[in-house]
Structures are given as structure tokens and as C-alpha cells.
Amino acid sequence: MAEALLVVVADVGLKEARLVEVARVAGVSVGLVQRYFRTKEELIRFGVGYVYERTEQRAQEVEFVMPVRGYLERLMAVFLPLDEARVRELRFWLAFLHTSLTDPELAATHQQAQLKLLTGLREAFEGAQRRGEVAADRDPTAEAAALVAFVDGLALHHLTTAPAYPVESLQPALTTYLDQVFG
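Sequential numbering of the sequence shown, starting at 1, is according to UniProt numbering.
So this is what it looks like as C-alpha cells:
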């Protein structure tokens with residue numbers, strides 16, 4: 001059901017997504033969808049949880065191996081739209097972000113996920129400083145925020161202006177960015 005929701009939202013957007021279309025893509029009856037989700041909002045909340053869980057699972061699968069720089073490059077690549085599944089997730093996530101501006105529950109979900117990511121990245125930068133991989137005068141909190149902003153911006157620009165940001169340029173751009181931070 002979650003995959004069907006992502007496909008529908010990627011095709012028509014969150015606002016235009018309908019339970020009947022999700023059911024059609026999932027190959028089930030509308031009644032079955034409504035049995036689990038009384039409203040579109042419940043289905044969207046389920047989809048948000050699904051995307052965050054899937055992304056977190058991918059991130060947890062990245063093995064923490066020294067140096068920290070290599071780990072961060074592999075970790076942040078998880079958030080780039082390097083395949084069709086992640087493109088669908090990104091399109092869904094962008095639609096969700098818009099909705100979260102007016103939905104306190106969705107906003108809280110996003111804020112918790114961001115805080116968890118930023119905390120983990122800050123800790124990684126602190127570890128990199130202790131190991132001498134990053135200059136001592138760099139602020140780990142600021143570096144964590146900048147890395148998230150860079151990857152989010154790269155993903156967004158790929159999605160909206162793909163000719164200028166083709167998929168094959170995303171990983172090299174991340175590498176270049178991290179080279180500057182760890183240089």
C-alpha cells in the first residue's frame with residue numbers, strides 16, 4: 001500500500017492523490033484501503049512513516065568504518081535520489097514538507113527526524129575532530145546543518161532541474177563538498 005501511495009503522489013502530487021487511485025495502483029479494492037485508512041490524511045501519515053523508516057533503515061545499513069569522512073559520504077548518499085525508488089520518496093517527501101507547514105503533527109514528525117539526523121552528524125563531526133580529520137576550529141553543529149542543507153539542495157535541484165544536476169553528478173558533488181570540509 002505504501003509503495004502505491006508513493007507512486008501516486010510522485011505522479012499527481014499529494015493534493016491530487018485519491019484513495020481510489022492508490023487502491024488501483026496497489027491492485028486492491030477501495031474498500032480494503034478504507035478498511036485500514038479511513039481518510040486520505042491517515043494514509044498520508046502512514047506514507048510519511050514508511051518513507052522515514054525506509055530511509056532510516058538505509059542509513060543504519062551504512063557500516064561505520066573509519067575514516068569518518070568516508071562514512072559520511074556513504075551515509076549522505078543514502079539521501080540522494082540515485083534510483084527510481086529514492087526519486088519517488090523524494091517527490092513524496094517534498095509534498096509532505098509542504099503539508100507539514102500547516103499540520104503540527106506532520107511538522108513534529110519532520111522535526112524529530114531532522115533532530116536525530118543532525119545530532120548523529122554533529123557527533124560524527126566531533127569524532128572527526130578528535131581524530132584530526134576535521135580542523136579543530138570548525139563548528140560540528142554548523143557543519144552538520146550545512147551538510148544536510150547541501151544534500152537536500154542537491155536532491156531538490158536534481159528533481160526540479162535535472163539537466164543542470166544529472167544523477168551522475170550527485171555523488172561527485174557530494175565528494176567535492178566533503179573534500180572541502182575535510183580538506
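Idealized CB from N, CA, C, for every residue including glycine.
Straight-line gap, residue i to residue j (C-alpha atoms, nearest Å)
i           : j           : result
residue 65  : residue 58  : 16 Å
residue 73  : residue 28  : 40 Å
residue 33  : residue 46  : 12 Å
residue 124 : residue 172 : 21 Å
residue 175 : residue 48  : 29 Å
residue 157 : residue 85  : 17 Å
Nearest residue (CA-CA) to residue i, options the options
i           : options          : result
residue 179 : 21, 67, 2, 55    : 67
residue 99  : 1, 5, 13         : 13
residue 91  : 182, 7, 183      : 7
residue 166 : 150, 128, 69, 81 : 81
Sequence-distant residues of its chain with Cβ nearer than 7 Å to residue i (five each side left out)
i          : result
residue 50 : 2
residue 20 : 30
residue 77 : 171, 174
Nonlocal neighbours in the same chain, by C-beta distance under 6 Å from residue i, ignoring five residues either side
i           : result
residue 110 : 100
Span of the alpha helix (DSSP H) around residue i
i           : result
residue 162 : Taken as a continuous stretch (DSSP letters only), residue 162 belongs to no alpha helix (DSSP H), as it is neither H nor E.
residue 76  : 68 to 77
residue 198 : In the structure displayed, the chain extends from 1 to 183; residue 198 sits before or after that span and is not available.
Residue i in three-state terms, based on DSSP
i          : result
residue 19 : helix
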